[in-house]
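Down below is the structure, laid out as structure tokens.
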């Protein structure tokens, strides 16, 4: 099976070339047979890559250690689950997996458009096949072939990095890849629009759902990564501006900007060039993210290897795409004029524009900070990295203004806001925001940025809930429905608007949670069994933690464990027992001498109690069960509001799904508008 | 080994047949261009109508007061009408087939809809005058909606 997979990968190469050439040629000559062949070649590439991926999986499941990739990321004792997910555990498999997802999405795109939007499809097929071809070339010629064989057959593999043996780590990469690859479809349609000259908002309307799906997976994927870092890296943080984290954030920032600016194009006929640039930028950043992760150019906990060949291939691909697209945009510039102009600085249009500039500013700063080590190396010969302080200093203010815009956007008038409009809509929310700040200050919150964030959050939440309330009330009154039904109909009738508001509420929750980090506490103790330590929460209560003792177990190779030390701690809150938490050190057989830490987390709505077994006083003594060798260093963190990141993300995901769900009304509406009024079922209506 | 080569050849042959068939047999995929692309004047018209719809919505949702609403609506209606005229003129310029009666009727309807307030604030569909609900989306219209 692995060999068949390898052959399938090779066969996919000429097929992709064929499809790319025929797609463009068919579009140019308007020959339907060439186009059909190009479209079929996409299904074929998907099938071939699926066989290739199955081959890699078969190699993992069959412990075929003659394959370098299997030997490096698996061993005979690895749990079955991680053998199954071995396909994306390392660089080589990940690239294949990436290409497979892209082929899957491309096939879905071709299939769903087999009878419609035909004027786009030749070029869409050509572009998609071109990008697939790039990944196939990388796999085959950049020394990253997952089917590469060793000259000998090792008795066992090296096993999987224990840090990657975590549930979140198995779903985080695929989720991100889904987001990255899904964005290729809007990009392909944008290029097709530039090539076929259909430059109205059509390509955006056709791909709106793809854009949202991509954004959904990107958002959720990033948060899965945060969750993994939080649970697995054992230091209590969820984000530390690591290059690869940044690389996934960059396309998210530009995709978010794009999601907002397309509404301006659809509703106002403005920003056409801007949207073309954003879709190009976002696509390039998804490739850049792969490149950064896969090239090992910048030191990072995620980087797989330092391989230069692949770096050159990626860079030349990105350069070619950039140059080609810029040329196309310039060529079409006269046809990309705006139909309208922004009338006033105080208007919803300018709020959208401002949102875009801030997101781009954030993207630029993150890009600069991420590449700074490279830039400094180029100039001074030394890699100097900028740390979290740089990123925080730049991005916190941007984030706070963006947060405020989330509130301002929905209620500031289109075109030009008058003083009255501002007074009418902002007096109450501003009052609520200020009151929230004052109350929190009186309650003892003194951290300025956190106070500002929470006040603005209260302002935004007031505005959005007023929107929901007014809409529901109006509907209940007009239709004579109960409030619950009215609310349901309100949301389902205009999913795009209300789904978007839900996404905003989720975003606000996440911001509130981020600000909670200002009140993190960190205490360290050296404890013996029976010791009780007390830690105060910023919310006023205190935890009494009793160290019950250490239990050691010597692994016999199961799950690759050499030994495992489990510290048990009883938790009480203000004297009230709340159960026990454990935190561990694990030494794996197959990795260097550094033991891994497993943390103990107790989550309540307000905060997380986070226990870290930092060190054993006497590891050898503990292993030999010597009495008196049970002392440990225990680190106790309290992380206020951290759970709201996950809750907020959940709401954000629900809102996105609501916004992209096909609307029944829309289909019904399409019928009477046929041949009739142009203004029925406009793009912005739902 | 033989099974492997057989398998590979089968896969390759299937792929070649599948992607070559359209070219060899001359099976054509449609490349029809949907002629729903708006002309420049149509796009202007649509944007103006959408803007009008948004103003209506903001007013109904209580985000605009009466005075702002009236002034914005007056401006936008003028703009929409101008766009309509321009569109009409552009179409008339295209020759007799474009300036047919149906089009005239449509323009007249939109125009009266704008004047009489039967253009749907939710979906911008222009209803016949006197409509109480939008025929496209069911939204309440006119006095019913404003109450």
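Protein chains in written order, with the numbering used here: chain A, 857 to 1542; chain B, 11 to 157. Beta carbons are placed, not taken as given, at the ideal position from N, Cα and C, and that holds for glycine.
Chain B partners of residue 1327 of chain A, CB-CB under 8 angstroms?
-> Those are 71, listed as they occur along chain B.
Can you name the residues of chain A whose CB is closer than 9 angstroms to the CB of residue 61 of chain B?
-> Those within 9 angstroms of residue 61 of chain B in chain A are 1123, 1124, 1196, 1270 and 1271.
Does any C-beta atom of chain A lie closer than 8 angstroms to the C-beta of residue 44 of chain B?
-> yes
Within-8 angstroms CB hit, residue 904 of chain A to chain B = yes
CB-CB under 8 angstroms to residue 1431 of chain A, same chain, minus the five flanking residues each way: which ones, in chain order?
-> For residue 1431 of chain A, where only same-chain residues beyond five positions count, the Cβ hits under 8 angstroms are 1400.
Interface residues of chain A around residue 41 of chain B at Cβ under 9 angstroms?
-> Per Cβ cutoff of 9 angstroms: 882, 883, 886, 887, 888, 891, 974, 975, 977 and 978.
Under 8 angstroms between C-beta atoms, does residue 98 of chain B make it to chain A?
-> no
Note down, in chain order, every chain B residue with its Cβ under 8 angstroms from the Cβ of residue 1544 of chain A.
-> As displayed, chain A neither begins before 857 nor continues past 1542, which places residue 1544 of chain A out of reach and without an answer.
Supposed close pair residue 86 of chain B, residue 58 of chain B - CB separation, criterion 8 angstroms | 6 angstroms
Compute the distance between the beta-carbons of residue 981 of chain A and residue 901 of chain A, then report whether it is under 8 angstroms.
-> no
Please state if the CB of residue 1203 of chain A and the CB of residue 1269 of chain A are separated by a distance shorter than 8 angstroms.
-> yes
Can residue 1490 of chain A and residue 1472 of chain A be called in contact, C-beta distance under 8 angstroms?
-> no
Does the pairing of the region 1053 to 1064 of chain A with the region 1493 to 1506 of chain A give three or more beta-carbon distances under 8 angstroms?
-> no
Taking 8 angstroms as the cut-off, decide whether the C-beta atoms of residue 1169 of chain A and residue 1217 of chain A are in contact.
-> no
Given a threshold of 16 other Cβ atoms within 10 Å of its Cβ, counted over all protein chains shown, does residue 1277 of chain A qualify as buried or as exposed?
-> buried
Output yes if chain A places a C-beta closer than 8 angstroms to the C-beta of residue 29 of chain B; else output no.
-> yes
Taking all protein chains shown into account, decide if residue 1116 of chain A is buried (16 or more other Cβ within 10 angstroms of its Cβ) or exposed.
-> buried
Decide yes or no for the touch test of the region 1224 to 1240 of chain A against the region 1132 to 1140 of chain A: beta carbon pairs closer than 8 angstroms, at least 3 of them.
-> Counting C-beta pairs closer than 8 angstroms gives fewer than three between the region 1224 to 1240 of chain A and the region 1132 to 1140 of chain A, which falls short of the contact rule.
Identify which residue in B:61, B:40, B:43 and B:11 has its Cα closest to the Cα of residue 91 of chain B.
-> B:61
If we cut at 8 angstroms on Cβ distances, does residue 1470 of chain A have a partner in chain B?
-> no
What residues from chain C crowd round residue 895 of chain A, counting only those whose CB sits closer than 8 angstroms?
-> Looking at the structure shown, chain C is missing, and the protein chains on hand are A and B.
Return the CA-CA distance between residue 965 of chain A and residue 986 of chain A, expressed in angstroms with no decimal places.
-> 15 angstroms
What does residue 22 of chain B reach in chain A if we use C-beta pairs closer than 7 angstroms?
-> 867
Please decide whether residue 107 of chain B counts as near chain A, where near means a Cβ-Cβ distance under 8 angstroms.
-> In this prediction, residue 107 of chain B scores a pLDDT of 48, lower than 50, which makes its location untrustworthy; the coordinate-derived value is nonetheless stated afterwards. By this cut-off, residue 107 of chain B is not an interface position.
Between residue 929 of chain A and residue 911 of chain A, is the Cβ-Cβ spacing less than 8 angstroms?
-> no
Are the C-beta of residue 92 of chain B and some C-beta of chain A separated by less than 8 angstroms?
-> no
Exposure label - residue 1452 of chain A; buried when at least 16 CB within 10 Å | Burial is judged here by how many other beta carbons sit within 10 angstroms of a residue's own beta carbon; residue 1452 of chain A has at least 16 and is buried.
8 angstroms Cβ shell around residue 1509 of chain A - same chain, five flanking residues per side excluded | Its chain contains 1072, 1075, 1076 and 1362 as the residues whose beta carbon lies nearer than 8 angstroms to that of residue 1509 of chain A, once the 5 sequence neighbours on both sides are disregarded; these appear in chain order.
Would you kindly report the start and end of the unbroken alpha helix (DSSP H) that includes residue 1377 of chain A?
-> Not the alpha helix (DSSP H): residue 1377 of chain A falls in the beta strand (DSSP E), residues 1377 to 1383.
Assuming residue 1014 of chain A and residue 927 of chain A form a contact by the criterion Cβ under 8 angstroms, report the distance between their Cβ atoms to the nearest whole angstrom.
-> 6 angstroms
Is DSSP giving residue 75 of chain B helix, strand or coil here?
-> DSSP, read as helix, strand or coil, puts residue 75 of chain B in coil.
Does any CB atom of chain A fall closer than 8 angstroms to the CB of residue 88 of chain B?
-> It does not: the Cβ of residue 88 of chain B has no partner Cβ on chain A nearer than 8 angstroms.
Under 8 angstroms Cβ-Cβ, which residues of chain A neighbour residue 66 of chain B?
-> Correct list: empty, because the minimum Cβ distance to chain A is about 11 angstroms.
Would the beta-carbon of residue 21 of chain B fall within 8 angstroms of that of residue 1207 of chain A?
-> no
Under 9 angstroms from the C-beta of residue 1054 of chain A: neighbouring residues of chain B = 43, 44 and 47
How big is the Cα-Cα spacing for residue 1320 of chain A and residue 1332 of chain A?
-> 18 angstroms
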